[in-house]
Amino acid sequence: MATPLTADRLVAALQAEGCSVREVSGWRTNNRNHKGPWGPVHGVVIHHTVTGPDTDVVELIFHGHSALPGPLATGCITKDGVVHLTGNGRANHAGGGDGDVLDAVIGESYGTYPPPTHEHDGSAGAVDGNARFYGWECENKGDGRDPWPPAQYLAMVRATAAVCRAHGWGHKSAIGHLEWSDWKIDPRGFDMAGFRRDVADALALPAGRWEGEDPMPQYVNLGVDAQYQLTPGAWNSVEFTEEWTDETGDHAAGGSVFARGPARFSGTLSLHFEGLPAGGTLQARMSEYEGDQHQVDHPIHEIVGTGGGTFAVLPLAKRLASGRSMRVRLLNQAAVPVTVAGAVLTVLVWPET
1 MATPLTADRL
11 VAALQAEGCS
21 VREVSGWRTN
31 NRNHKGPWGP
41 VHGVVIHHTV
51 TGPDTDVVEL
61 IFHGHSALPG
71 PLATGCITKD
81 GVVHLTGNGR
91 ANHAGGGDGD
101 VLDAVIGESY
111 GTYPPPTHEH
121 DGSAGAVDGN
131 ARFYGWECEN
141 KGDGRDPWPP
151 AQYLAMVRAT
161 AAVCRAHGWG
171 HKSAIGHLEW
181 SDWKIDPRGF
191 DMAGFRRDVA
201 DALALPAGRW
211 EGEDPMPQYV
221 NLGVDAQYQL
231 TPGAWNSVEF
241 TEEWTDETGD
251 HAAGGSVFAR
261 GPARFSGTLS
271 LHFEGLPAGG
281 TLQARMSEYE
291 GDQHQVDHPI
301 HEIVGTGGGT
311 FAVLPLAKRL
321 ASGRSMRVRL
331 LNQAAVPVTV
341 AGAVLTVLVW
351 PET
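Going by the UniProt record's numbering, the letters in the sequence shown line up with residues 1 to 353, in that order.
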């Protein structure tokens, strides 16, 4: 049980936790306190917005709509990770919910999940959640299956941890709307138990220190489906005509690009050449592009011919800025054409924000 934070204390708590905060004009006096109590407060409810691509989602959460006046939450967390403060006080976000859930949140006495909810707005035993919970409406299109960008998810955890830390609450003071009201499905796309674990990790560190876990990398495995020749004296991009796996979606069919920024990547390109004379040389290098415009070359790796089949493994590791893409280029320095008999690229890519 706690007295709600003042507007200044809420802003300070969010900023201390590392959140990017935008104070929407008028948010400090935007509330539904004239319709019912605000406080004592016991926790934070996480929602997704289910809005379309053309919706001004912050405007919607601030003002509400004809069927439900705003504010519709304490704040709206957009896909870029900004916490837009939209309400200071009671907001139309949680509605009626289950008293058993409220008791479990107050005592932080449940296990992995709160007890099953059996109440909702209008049901006989419903408890007024708008009086008891802060609410974060998190931008998500359609039915909630829209991907959650890392920056947004990080902000959701940090904003929740900020409120919990300011009140001295633990991670079990955070619940999903679906855990409060039995006819709600939000938030969809991640598990609230995992979300609470992340809040616990944030609370275990000093404010502002939690950076989230390094995301799982995406796997890219490309090759060439036929031999081709390199004429002497010209740089040529390796065109990957065989695509076994492209989890990033950055490789266009038959194209040369294997990664696009912002991202980090690490892997190898295995090359097999025929016809490179003994002592003859090929050069290989990574090259950055913006669209089709060549921008930056990276260090050269020299491959020396053996007289028969020549094999080489080119290390691939770099950080790419936004708008940049990466290719591998080859230069035949021998006096005769050389055949690229095989090329297999295997890379792990970590997209960045």
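Just so you know, even glycine gets a beta-carbon here, dropped at the ideal spot from N, CA and C.
Check                                                                                                                                                                                     : Outcome
How should W148 be labelled, buried or exposed, when 16 other C-beta atoms within 10 angstroms of its C-beta is the threshold for buried?                                                 : buried
I'd like to check one pair, G176 with residue 385: are the Cβ atoms closer than 8 Å?                                                                                                      : No information on residue 385 is available, as it lies outside the stretch 1 to 353 that the chain covers here.
DSSP puts E108 in a beta bridge; with which residues?                                                                                                                                     : For E108, which the question treats as bridged, DSSP gives no partner whatsoever.
Identify, in the order they occur along the chain, each residue of the same chain with its Cβ nearer than 7 Å to the Cβ of H63, setting aside the five sequence neighbours on each side.  : G70
Please determine, among M286, P232 and V11, the residue with the shortest C-alpha to C-alpha distance to G275.                                                                            : P232
Using only the alpha-carbon positions, how far apart do G81 and G87 sit?                                                                                                                  : 18 Å
So, for V338: in the same chain, excluding its five sequence neighbours on each side, which residues have a beta-carbon less than 6 Å away from its beta-carbon?                          : L230, F273, G275, L276 and N332
Given E139, which residues of its chain have a CB within under 6 Å of its CB, disregarding the five upstream and five downstream residues?                                                : T49, V57, T78 and K79
Note down the Cα distance separating E137 from L60, rounded to an integer number of angstroms.                                                                                            : 10 Å
Could you check whether the segment 190-197 touches the segment 206-219, counting it as contact only if at least three pairs of C-beta atoms, one from each stretch, sit closer than 8 Å? : no
Is it buried or exposed for K184, if we count other Cβ within 10 angstroms and need 16 for buried?                                                                                        : buried
Measuring only the C-alpha atoms, how far is I46 from K172?                                                                                                                               : 12 Å
How many angstroms separate the CA atom of W27 from the CA atom of R196?                                                                                                                  : 27 Å
Would you mind stating whether E302 and T268 have Cβ atoms separated by less than 8 Å?                                                                                                    : no
What span of residues does the alpha helix (DSSP H) with T160 cover, start to end?                                                                                                        : P150 to H167
Could you tell me which of K35, E247, L330 and P262 sits nearest to A321, measuring between CA atoms?                                                                                     : P262
Distance, Cα to Cα, D186 vs Y289?                                                                                                                                                         : 41 Å
Among the candidates D182, G135 and G39, whose CA atom is the shortest distance from the CA of G122?                                                                                      : D182
Looking at V344: is its Cβ nearer than 8 Å to the Cβ of G223?                                                                                                                             : yes
Give the single residue among Q283, S25, G254 and P53 whose Cα lies nearest to the Cα of W235.                                                                                            : Q283
How close, in whole Å, do the beta carbons of L5 and A155 come, if the pair is a contact with beta carbons under 8 Å?                                                                     : In fact, because the Cβ distance is near 18 Å, the residues do not count as touching under 8 Å.
How long is the line joining the alpha carbons of D292 and G255, rounded to whole angstroms?                                                                                              : 11 Å
Can you list, in chain order, the residues of its chain with a C-beta nearer than 6 Å to that of D246? Leave out the 5 residues immediately preceding and following it.                   : V220
Can you tell me whether L5 is helix, strand or coil according to DSSP?                                                                                                                    : coil
Closest by CA to F133, which one among L102, V199 and L68?                                                                                                                                : L102
Have a look at Q152, R9 and S109 and flag the residue whose alpha-carbon is nearest the alpha-carbon of E211.                                                                             : Q152
If you check the beta carbons only, do H298 and R319 fall under 8 Å apart?                                                                                                                : no
From P114 to A104, what does the alpha carbon distance come to, in whole angstroms?                                                                                                       : 6 Å
Would you kindly work out how many angstroms separate the C-alpha atoms of L314 and F265, rounded to a whole number?                                                                      : 14 Å
Just to confirm, is the Cβ distance from A174 to A13 under 8 Å?                                                                                                                           : no
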